[in-house]
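J.: At position 294 of the sequence shown (counting the first as 1) the number is 284 in my numbering, and the numbers step up by one without a gap.
In this text, a Cβ means the ideal position worked out from N, Cα and C, and glycines have one as well.
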Amino acid sequence: MKRFEQPILVTRPYLPPLDDFKRGLEEVWSNRWLTNNGPMLKRFQTALAAYVGMPETNIALFSNGTLALELGFYALGLSGGEVITTPFTFVATSHALKRIGAVPVFADVDPETLCLSPAAAERMITPRTRAIVPVHVYGHPCDVEGFARLGEKHGVKIVYDAAHAFGETLGGRSIAAYGDMSMFSFHPTKLFHSCEGGMLAFRDAALQEKLFNLRNFAIRGELECVDVGTNAKMNELQALMGLECLKAMDSILASRAAIHAAYCEAFAGCDAVRFLDPRGFAGDRKFAPNFAYCPALFRDFETRERVYAALKEKCNVFTRRYFYPLLTDFAPYVYGKGSCPVAEDAARRVLTLPTYFDLAPADAARIAGNVLEMIRS
Ligand SMILES: Cc1ncc(COP(=O)(O)O)c(C=O)c1O
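Printed below as a string of structure tokens:
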């Protein structure tokens, strides 16, 4: 079994060349403008709109993805309503709903993609339902046509938590183009980041002014405050980091693809581990994955726990049981416990393996080799 001399972490942030970042810093210094809709933020917004192929009027940037979600949900009028969502996600998805006074209602996930199932979501619709919030979990594409049909049939909003899905295209367009709204997280654990940050992409351009207001306390000019806003502004240094990382997107995506391919090859034909390959998850639609995560499903909880501990202790490899515990195991959401058996089962068997920009595919293959040795022993 291979023990790595240096710890291999589940993820590490991409960092742009320091000299390029320093040049940007010089510009910030000469602007003497650090936050509040500065020139870097505007440049980042223009660059992102071009990257995702949306008009600039249909995106907004925030200090982080959680506040982006919270303000997006609020701007869509979801407060006081029920919202159907998945428990197989990071807590922020439901926290953002709760914090604006909406009630998360949990529905089960699809056993292949681990994304919210439209059929399971439809079963939970009531007259109080205002929206469905599916998550493109690990960057796996949700059944966007299925959710579009539900949105139309039941008159509910479809808001994607696309925190993991930046850089993907589906059916020839950016994944940002689906649903009424999508949120992308730019946290450094994501393949693309701005130190911290988040973006909303939305269908209705009229939302932009509302969101710009909400992220700045909802104060308008010097004399007016029009709503209960908050401070969710992205600052100039975040925008600069985002701009520099955006330049590297092609190589970031290529490195992720190579690492994913190395794991796929190593696990091929092994019945005891199901390594998830998103290329098969989009049906007939053309799909360009970002390989944001490398999740593997083990045959049972005990094997997953054994592999997780042994990788750490024997190999110096740090994986994550992402998403375990499941949301419905946590105190604020325990009312949903027992209602989503597929998600509950996946949470007990899943392990996300290391992947990041400069992880060598050969090291991914060695990690997979260690895993295979462990489950055979
Ligand atoms: C699925 C999901 N939703 C929301 C978030 C929150 O994003 P952020 O960390 O940018 O606030 C995360 C990130 O960690 C996430 O994984």
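(1) Just checking my contact of Phe308 with Pro(-3) at CB under 8 Å: how many whole Å lie between their CB atoms?
(2) For Phe174, which beta-bridge partners are listed by DSSP?
(3) Any heavy atom of ligand 1 closer than 8 Å to the CB of Met231?
(4) Go ahead and pull the three-state DSSP assignment for Ala258.
(5) For Ile165, which of helix, strand or coil comes out of DSSP?
(6) Which term fits Thr75, buried or exposed, when burial requires 16 or more other beta carbons within 10 angstroms of its beta carbon?
(7) Tell me whether Lys143 sits in a helix, a strand or coil according to DSSP, three-state version.
(8) Less than 8 Å between the CB of Met171 and some heavy atom of ligand 1, yes or no?
(9) Exposed or buried, what is Val95 when buried is set at 16 or more other beta-carbons lying within 10 Å of its beta-carbon?
(10) Where does Tyr41 fall in DSSP's three states?
(11) So, with DSSP's three-state summary, where would you put Ala272?
(12) Check whether the Cβ atoms of Gly14 and Glu303 lie closer than 9 Å to each other.
(13) Flag this pair as touching only if the stretch 215 to 226 and the stretch 18 to 37 have three or more C-beta atom pairs under 8 Å; answer yes or no.
(14) How long is the line joining the alpha carbons of Ala191 and Ile49, rounded to whole angstroms?
(15) Hey, out of Ser241, Ala337, Gly328, Leu68, whose CA is closest to Ala286's CA?
(16) For Leu213, count neighbouring C-beta atoms within 10 Å of its own C-beta (all shown protein chains included) and say buried if the count is 16 or more, exposed if not.
(17) Just to confirm, does Gly129 get its C-beta within under 8 Å of one of the non-hydrogen atoms of ligand 1?
(18) Alpha carbon to alpha carbon, how far is Ala355 from Tyr64?
(19) For ligand 3, I want to know if Gly188 counts as a neighbour, meaning its beta carbon is within less than 8 Å of at least one of the ligand's heavy atoms.
(20) So the candidates are Met114, Met30, Gly136, Ser175; which of them puts its Cα closest to the Cα of Ala282?
(21) Please report the Cβ distance between Val149 and Met114, rounded to the nearest whole angstrom; I am assuming they are in contact, meaning their Cβ atoms lie under 8 Å.
(22) Just reading off the alpha helix (DSSP H) that Ile365 is part of, what are its end residues?
(23) Any idea what DSSP makes of Phe202, helix, strand or coil?
(24) Let's see if you can read the secondary structure: which residues bound the beta strand (DSSP E) around Ala121?
(25) Here's the rule: buried if 16 or more other CB atoms are within 10 angstroms of the residue's CB, otherwise exposed. What is Ser53?
(26) Kindly list the residues whose CB is nearer than 7 Å to the CB of Gly326, restricted to its own chain and excluding five residues on each side of it in sequence; keep chain order.
(27) Relative to ligand 1, is the shortest distance from any of its heavy atoms to the C-beta of Thr1 smaller than 8 Å?
(28) For Glu214, list the residues DSSP reports as bridge partners.
(29) Go ahead and label Met189 buried or exposed: buried means 16 or more other beta carbons lie within 10 angstroms of its beta carbon, across all protein chains shown.
(30) From which residue to which residue does the alpha helix (DSSP H) around Glu334 run?
(31) With respect to the alpha helix (DSSP H) encompassing Ala229, which residues constitute its N-terminal and C-terminal limits?
(32) Would Ser164 and Val42 be called neighbours here (beta carbons separated by less than 9 Å)?
(33) How many whole angstroms separate the CB atoms of Gly136 and Pro101, which I take to be in contact at a CB cut-off of 8 Å?
(34) Check whether the stretch 248 to 257 touches the stretch 349 to 365, taking contact to mean three or more Cβ pairs, one atom from each stretch, closer than 8 Å.
T.: For this structure:
(1) 6 Å
(2) Met189
(3) For Met231, the shortest C-beta to heavy atom distance toward ligand 1 is 8 Å or greater.
(4) coil
(5) In this structure, Ile165 counts as helix in the three-state DSSP scheme.
(6) buried
(7) helix
(8) For Met171, the shortest C-beta to heavy atom distance toward ligand 1 is 8 Å or greater.
(9) Under this definition Val95 is a buried residue.
(10) Residue state, collapsed to three classes: helix.
(11) coil
(12) Taking the C-beta atoms as reference points, Glu303 is found no nearer than 9 Å to Gly14.
(13) yes
(14) 4 Å
(15) Ala337
(16) exposed
(17) no
(18) The alpha-carbon atoms of Ala355 and Tyr64 are separated by roughly 45 Å.
(19) As far as ligands go, the structure on display features ligand 1 and does not contain ligand 3.
(20) The closest CA to that of Ala282, considering only Met114, Met30, Gly136, Ser175, is found on Ser175.
(21) Actually they do not touch by this definition, with Cβ atoms about 16 Å apart.
(22) 351 to 366
(23) Residue state, collapsed to three classes: helix.
(24) 119 to 123
(25) buried
(26) Apart from sequence neighbours up to five positions away, the residues of its chain that approach Gly326 with a beta-carbon distance below 7 Å are Pro77, Phe96, Thr318, ordered along the chain.
(27) no
(28) Arg210
(29) buried
(30) Counted as a single uninterrupted DSSP element, the alpha helix (DSSP H) harbouring Glu334 occupies residues 331 to 339.
(31) 226 to 236
(32) yes
(33) About 15 Å separates the two Cβ atoms, so there is no contact after all.
(34) yes
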